[in-house]
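Written out below as structure tokens is the structure these notes cover.
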Amino acid sequence: MKKFSTIFLLCLLGIWGCSNTKNVSRVDSDQDINLSGRWNDSDSRLVSDEMINDALSRSWLKNYTEEHGRKPTIIVGTVKNKTSEHISAETFIKDMEREILNSNRARIVQAGQAREELRKERDDQQDYASLSTMKKWGLERGADFVLQGTINSITDSNKKQKLIFYQVDLELTDLENNEKVWIGTKKIRKVVK
């Protein structure tokens, strides 16, 4: 009887486990899917594409290349998430860096923790790498401009419907003289029923 009870219990657990299996399918990463109405990867890609294309089409870039005879170097600084949602600023920053780099109109240099990691590696090479392969200090490319910004949101709701409004503001600033050379804003409105 004990054996039968154990087998019966295992069968029930097996049936229950099978009924909770989720149906998962892979989709193209470029496909726009929005399940919750919140900020997602499509928003990050759309906003970075549009804003970087706008920034690199403005007169500051032409003026800089004519004056200096080279492409400007940009460092992407802090993008503050001022929404009530968890938004990965790092994903958004990487989308912007990719757009700048792939445009071939400006250069990108490492920022923050990644830059510190590179400096630590260069420091280690001073002690452990051969003279012919060791990377020298003082040869980093300095940024000419820093790109910084904020992501804000406002949510309005009534019964089973809500409107989520996002505003992304970015500023490009000349590092030598603190002059803002470009300010961009992108707004997204989502109605969730």
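Numbering that gives the first Met the number 0 puts the first residue of the sequence shown at 0, with every later residue one more than the last.
The beta-carbon is built from N, C-alpha and C at its ideal position, and this holds for glycine as well.
Buried or exposed (CB count within 10 angstroms, at least 16 for buried), residue i
i, result
"Thr-185", "It is worth fixing the name first, because residue 185 is Lys in this sequence and not Thr. When all chains shown are included, Lys-185 counts as buried."
"Glu-84", "exposed"
"Ala-54", "buried"
"Ala-113", "exposed"
"Ser-131", "exposed"
"Asp-123", "exposed"
Distance, residue j Cα to residue i Cα
i, j, result
"Ile-86", "Val-78", "10 Å"
"Gly-137", "Lys-161", "53 Å"
"Leu-45", "Glu-120", "35 Å"
"Ile-182", "Asp-168", "7 Å"
"Asn-103", "Asn-52", "12 Å"
"Ser-43", "His-67", "32 Å"
"Arg-57", "Asn-176", "19 Å"
"Lys-158", "Lys-189", "16 Å"
"Tyr-127", "Arg-118", "14 Å"
"Ser-41", "Thr-154", "19 Å"
"Lys-21", "Asn-80", "32 Å"
"Gln-125", "Lys-134", "8 Å"
"Ser-129", "Ile-187", "53 Å"
"Ile-146", "Leu-100", "It should be noted that the sequence gives Leu, not Ile, for residue 146. Approximately 14 Å between the Cα atoms of the pair."
C-beta contact flag for residue i and residue j at 7 Å
i, j, result
"Val-180", "Leu-171", "yes"
"Thr-82", "Ile-150", "yes"
"Val-75", "Met-95", "yes"
"Glu-98", "Asp-48", "yes"
"Thr-64", "Arg-140", "no"
"Ser-152", "Tyr-165", "yes"
"Arg-106", "Lys-61", "no"
"Ala-142", "Val-108", "yes"
Among the options, nearest to residue i - alpha-carbon criterion
i, options, result
"Glu-178", "Trp-59, Val-191, Ile-107", "Trp-59"
"Glu-91", "Leu-130, Gly-148, Lys-159", "Checking the displayed sequence, the identity of residue 91 turns out to be Phe instead of Glu. Phe-91 has its Cα closest to that of Gly-148, out of Leu-130, Gly-148, Lys-159."
"Ala-88", "Lys-189, Asn-39, Leu-117, Asn-176", "Asn-39"
"Phe-144", "Lys-21, Asn-22, Ala-110, Gln-125", "Ala-110"
For residue i: DSSP bridge partner residues
i, result
"Thr-77", "Note: Thr-77 sits in no beta bridge, so no partner."
"Val-180", "Answer is none; Val-180 lacks a bridge partner."
"Asp-155", "Leu-162"
"Lys-186", "Gln-166"
"Gly-148", "Val-78, Leu-169"
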